[in-house]
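What follows is one structure encoded as structure tokens, with my remarks underneath.
Protein chains: 2
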Amino acid sequence: MARVTLQTIAEHVGVSRMTVSNAFSRPDQLSADLRARILDAAQELGYSGPDPAARALASGRTGVVGMVLTNSPRDAFTDEVAVGFVRAVAGSLGDAGYSLVLLHSSSHDGVVPARDVAMDGAIIYSCTPRTKAVTALTERRLPIVTVEGAPVTGMPSISLDNSAGAYEAAQHLSELGHSDIAIVVPTVDADDEPPSESVMATASSTAAGRLDGWIRALTEAGITPRIVGTPSLAIDEILKSRIGRMLDAAPTAVLAWSDLGALEVMEQARARGIRVPEDLSIVGFDDSPLAARVSPALTTVHQDIDAKGEAAAAALLAMMRNDPMPASQVLTTRLVTRDSTRPPAPVE
Amino acid sequence: MARVTLQTIAEHVGVSRMTVSNAFSRPDQLSADLRARILDAAQELGYSGPDPAARALASGRTGVVGMVLTNSPRDAFTDEVAVGFVRAVAGSLGDAGYSLVLLHSSSHDGVVPARDVAMDGAIIYSCTPRTKAVTALTERRLPIVTVEGAPVTGMPSISLDNSAGAYEAAQHLSELGHSDIAIVVPTVDADDEPPSESVMATASSTAAGRLDGWIRALTEAGITPRIVGTPSLAIDEILKSRIGRMLDAAPTAVLAWSDLGALEVMEQARARGIRVPEDLSIVGFDDSPLAARVSPALTTVHQDIDAKGEAAAAALLAMMRNDPMPASQVLTTRLVTRDSTRPPAPVE
DNA sequence: CTGAAAGCGCTTACAG
DNA sequence: CTGAAAGCGCTTACAG
Numbered sequence: 012m013a014r015v016t017l018q019t020i021a022e023h024v025g026v027s028r029m030t031v032s033n034a035f036s037r038p039d040q041l042s043a044d045l046r047a048r049i050l051d052a053a054q055e056l057g058y059s060g061p062d063p064a065a066r067a068l069a070s071g072r073t074g075v076v077g078m079v080l081t082n083s084p085r086d087a088f089t090d091e092v093a094v095g096f097v098r099a100v101a102g103s104l105g106d107a108g109y110s111l112v113l114l115h116s117s118s119h120d121g122v123v124p125a126r127d128v129a130m131d132g133a134i135i136y137s138c139t140p141r142t143k144a145v146t147a148l149t150e151r152r153l154p155i156v157t158v159e160g161a162p163v164t165g166m167p168s169i170s171l172d173n174s175a176g177a178y179e180a181a182q183h184l185s186e187l188g189h190s191d192i193a194i195v196v197p198t199v200d201a202d203d204e205p206p207s208e209s210v211m212a213t214a215s216s217t218a219a220g221r222l223d224g225w226i227r228a229l230t231e232a233g234i235t236p237r238i239v240g241t242p243s244l245a246i247d248e249i250l251k252s253r254i255g256r257m258l259d260a261a262p263t264a265v266l267a268w269s270d271l272g273a274l275e276v277m278e279q280a281r282a283r284g285i286r287v288p289e290d291l292s293i294v295g296f297d298d299s300p301l302a303a304r305v306s307p308a309l310t311t312v313h314q315d316i317d318a319k320g321e322a323a324a325a326a327l328l329a330m331m332r333n334d335p336m337p338a339s340q341v342l343t344t345r346l347v348t349r350d351s352t353r354p355p356a357p358v359e
Numbered sequence: 012m013a014r015v016t017l018q019t020i021a022e023h024v025g026v027s028r029m030t031v032s033n034a035f036s037r038p039d040q041l042s043a044d045l046r047a048r049i050l051d052a053a054q055e056l057g058y059s060g061p062d063p064a065a066r067a068l069a070s071g072r073t074g075v076v077g078m079v080l081t082n083s084p085r086d087a088f089t090d091e092v093a094v095g096f097v098r099a100v101a102g103s104l105g106d107a108g109y110s111l112v113l114l115h116s117s118s119h120d121g122v123v124p125a126r127d128v129a130m131d132g133a134i135i136y137s138c139t140p141r142t143k144a145v146t147a148l149t150e151r152r153l154p155i156v157t158v159e160g161a162p163v164t165g166m167p168s169i170s171l172d173n174s175a176g177a178y179e180a181a182q183h184l185s186e187l188g189h190s191d192i193a194i195v196v197p198t199v200d201a202d203d204e205p206p207s208e209s210v211m212a213t214a215s216s217t218a219a220g221r222l223d224g225w226i227r228a229l230t231e232a233g234i235t236p237r238i239v240g241t242p243s244l245a246i247d248e249i250l251k252s253r254i255g256r257m258l259d260a261a262p263t264a265v266l267a268w269s270d271l272g273a274l275e276v277m278e279q280a281r282a283r284g285i286r287v288p289e290d291l292s293i294v295g296f297d298d299s300p301l302a303a304r305v306s307p308a309l310t311t312v313h314q315d316i317d318a319k320g321e322a323a324a325a326a327l328l329a330m331m332r333n334d335p336m337p338a339s340q341v342l343t344t345r346l347v348t349r350d351s352t353r354p355p356a357p358v359e
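From first to last, the protein sequence lines stand for chains A and B. One rule links them: number in the working numbering = place in the first sequence (from 1) + 11. One rule links them: number in the working numbering = place in the second sequence (from 1) + 11.
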């Protein structure tokens, strides 16, 4: 049997194809009675509504927004902050009738999702601008919002004031009296070294902002931190072993670039009998749901992930509506003092 | 300026539209030299590749797979198990060149994503069959895989042996010597009551499977549990207050339908000075990342979320390839004994 | 290896 | 409130 299309229904009911289309897409364009007859016929013939691909081509709208995440979704979804962001974006977008499609940044068999998936706009989350996916997306001249990364020319970006948050965290430690402080941060290839230009230049934009804030505050306090890093984006084996080495001659406090990183330090410290916070203070970043739950509860820099997701979605929706170009935004952070930090133990 | 299309490039290079199409989509159909010239021209004219919507209409393929989650993505992404599932599915699908689109189950302005988004197949995760989204999807006659829910007729389903897992959990408690046991489970409206048909009939399919397993094991041991539930899908205020009431006359052990539920019980118990596991044993379900991290580490029923996601993706990919219809699968569970369970304290 | 023909299923914009 | 015309940008299947 041939496929059922608008035409089939039109013939069955004895109206034009256009009227059937209106019955589905513009209910106000025809009488309620006629519309009911058309919908009944559609039901009867097993027609589930206008074909989305055809509709997208004819109307120029897909109802879909793309999101490219740092790496593959596989990596990104390991990160609570990224998950929270996706959640907030998908929620806000859904409220406006849009669906979110997760775009792989790699390609398979010549398929580059960022180039080949139909969409009305896109959000680029925490990506380096030179990713293939980002390039492909940019070339399409779609509305784009960048989050935590270098903005696409002429497009708005949403980011966090990473530097100010980190500054506050470092200041907190120095005010408590700490001066032997280590920084733990990925995307920076450093093994317990003092900060240097060459080491810091490798940082991702988020890491760079946080590094900047930590170093500023510590420099003002006359403190030179040690830096423990890894070239990768995540808590890999390199970072774990470097954290271990750092704890061999443990500082009195650690600044971690994320709560997960802070927990890794906390676990390794515990395994060695280093007490937190008595022997070692730890400050995280993000205030993920875990932070308040672990024991001791983690002092950390709070960021409002929901607000970030909503801001990104709102900016993109405005662009897709052809509203005036939305402004870029820098969201603020707030230090949350819990139980993982206290003054250093007096020297005996 | 007019939009740049295949035609534009074709005229510029002096070949047919078809040849330009081949340059992008079937590189083996033309000489490398000609292809390079075409691609250069495209680059120069700012053509980023064939329009995805037009390509989808003409070819009948979109490269996109839909997923409908229990409720809105907003709710689903609060659940670590759901997040892990999405992660595994998106990863497997991405490896095959497909992107995953998250489908809102509600509608906005007459837009029903499950009906209106172009896709090649869909995964229905943990939904009741009567959801509008599920109905809409089914009517489209797309390849569909159902996960943790009633299968769509003629389509494969992937699920967990919830009943066997729960059986093992309950058996563990009875073997430890517990006989005063409470069950905590959502989608069941019960306030510390003994099991009854009417109460249990409301359970979602996942909850129903787990309830079945718990009750079977306890019945065999001659134990009548108390049931603490809530009509909703999540840990809401009703459930929290009912847990509180249950702890007023605390049992010696609790079976929770999820690790998050188990943690809620653990926290409320701690707040009341009820020690876990000395005064109260707790068993969770899922073995989420949190389970091993909390203290005391949670005894729970492990399920392999990655395997579940991969199985769902593999089944759907097979259907989209027109392979023979894949078989439904029931995945197994495994009890992981950690520190939150022990024999009940001797009666003094 | 290249191209002319036919068509994918719908919507926009307009006329009545 | 309804419909005839034109077109969205591409690919499939075939002929040369």
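Ideal Cβ positions, reconstructed from N, Cα and C, are used throughout, including at glycine. On a predicted model such as this, the values are computed, not experimentally measured, just so you know.
Checklist entry - Using a C-beta cutoff of 7 angstroms, does S59/A count as contacting chain B? => result yes
Item to check | Any C-beta of chain B under 7 angstroms from that of H183/A | outcome: no
Checklist entry - When DSSP builds the beta bridges, which residues end up paired with P197/A? => result T241/A
Checklist entry - DSSP state of T230/B, grouped into three classes? => result helix
Item to check | Ranges of the alpha helix (DSSP H) found wholly within the segment 293 to 349 of chain B, counting only runs of at least 4 | outcome: 300 to 304, 316 to 331
Checklist entry - With distances taken from CA atoms, which of R37/B, G57/B, L153/B is nearest P63/A? => result L153/B
Checklist entry - When you compare only the Cα positions, how much space is there between I249/A and T139/A? => result 22 angstroms
Item to check | Uninterrupted beta strand (DSSP E) stretches inside the segment 56 to 92 of chain A (no shorter than 3 residues) | outcome: 75 to 79
Checklist entry - How far does the beta strand (DSSP E) with A267/A in it reach, from first residue to last? => result 264 to 267
Checklist entry - Where does H119/B sit, in a helix, a strand or coil, going by DSSP? => result strand
Checklist entry - Residue range of the beta strand (DSSP E) that A261/A falls in? => result Careful: A261/A lies outside any beta strand (DSSP E) and carries neither H nor E.
Item to check | Within chain A, partners of V128/B - CB distance below 8 angstroms | outcome: P63, T73, G74, V75, S110
Next on the checklist: Between the alpha carbons of L171/A and E159/A, how many angstroms are there, rounded?
Outcome noted: 7 angstroms
Item to check | Unbroken alpha helix (DSSP H) run spanning G176/A, endpoints | outcome: 173 to 187
Checklist entry - Taking the DSSP output, what are the residues bridged to E204/A? => result I238/A
Checklist entry - Is DSSP giving I249/A helix, strand or coil here? => result helix
Item to check | Supposed contact pair G95/A and I234/A - C-beta distance, whole angstroms, cut 8 angstroms | outcome: At roughly 32 angstroms, the Cβ-Cβ gap does not stay under 8 angstroms, so I234/A and G95/A are not in contact.
Checklist entry - Can you list the residues of chain B that H115/A reaches, using a CB-CB cut of under 7 angstroms? => result G105, S110
Checklist entry - Which first and last residues belong to the beta strand (DSSP E) in which L113/B is found? => result 110 to 114
Item to check | Closer than 7 angstroms to chain B by CB, A67/A | outcome: yes
Item to check | Other residues of its chain near R66/B: CB distance less than 6 angstroms, five sequence neighbours each side excluded | outcome: none
Checklist entry - Can you give the beta carbon distance from P236/A to A193/A, rounded, assuming they're within the 8 angstroms contact cut? => result 6 angstroms
Checklist entry - Cα-Cα, which of A323/B, T310/B, P124/B is closest to V145/B? => result P124/B
Item to check | Residue of E55/B, S70/B, R14/B minimising C-alpha distance to S32/B | outcome: S70/B
Checklist entry - Which residue or residues does DSSP assign as beta-bridge partners of I169/B? => result V158/B, Q340/B
Checklist entry - So with Cβ pairs under 7 angstroms, would you call E150/B a contact of chain A? => result yes
Item to check | Own chain residues within Cβ distance below 6 angstroms of T310/B, not counting five before or after | outcome: V294, T348, R349, S351, T352
Item to check | Interface partners of V94/A on chain B, CB under 8 angstroms | outcome: F88, V94
Checklist entry - My guess is that V276/B and A282/B are in contact by the Cβ rule of under 8 angstroms, so how many angstroms apart are they, rounded? => result Not really, about 11 angstroms apart at Cβ, beyond 8 angstroms.
Next on the checklist: If contacts are defined as beta-carbon pairs under 8 angstroms, then E91/B and L301/B qualify, I think. What distance do you get, rounded to the angstrom?
Outcome noted: 7 angstroms
Checklist entry - Nearest-angstrom Cα distance between N173/B and I246/A? => result 33 angstroms
Checklist entry - Quick one: is L104/A buried, meaning 16 or more other Cβ sit within 10 Å of its Cβ, or exposed? => result buried
Next on the checklist: Can you confirm whether A101/A, when its beta carbon is compared against all beta carbons of chain B, has any partner nearer than 7 angstroms?
Outcome noted: yes
Next on the checklist: Which of the three DSSP states is assigned to G95/B in this structure?
Outcome noted: helix
Next on the checklist: What does DSSP give as the partner residue(s) for A133/A in the beta ladder?
Outcome noted: G77/A, I155/A
Item to check | Alpha-carbon to alpha-carbon, L258/A and D127/B | outcome: 55 angstroms
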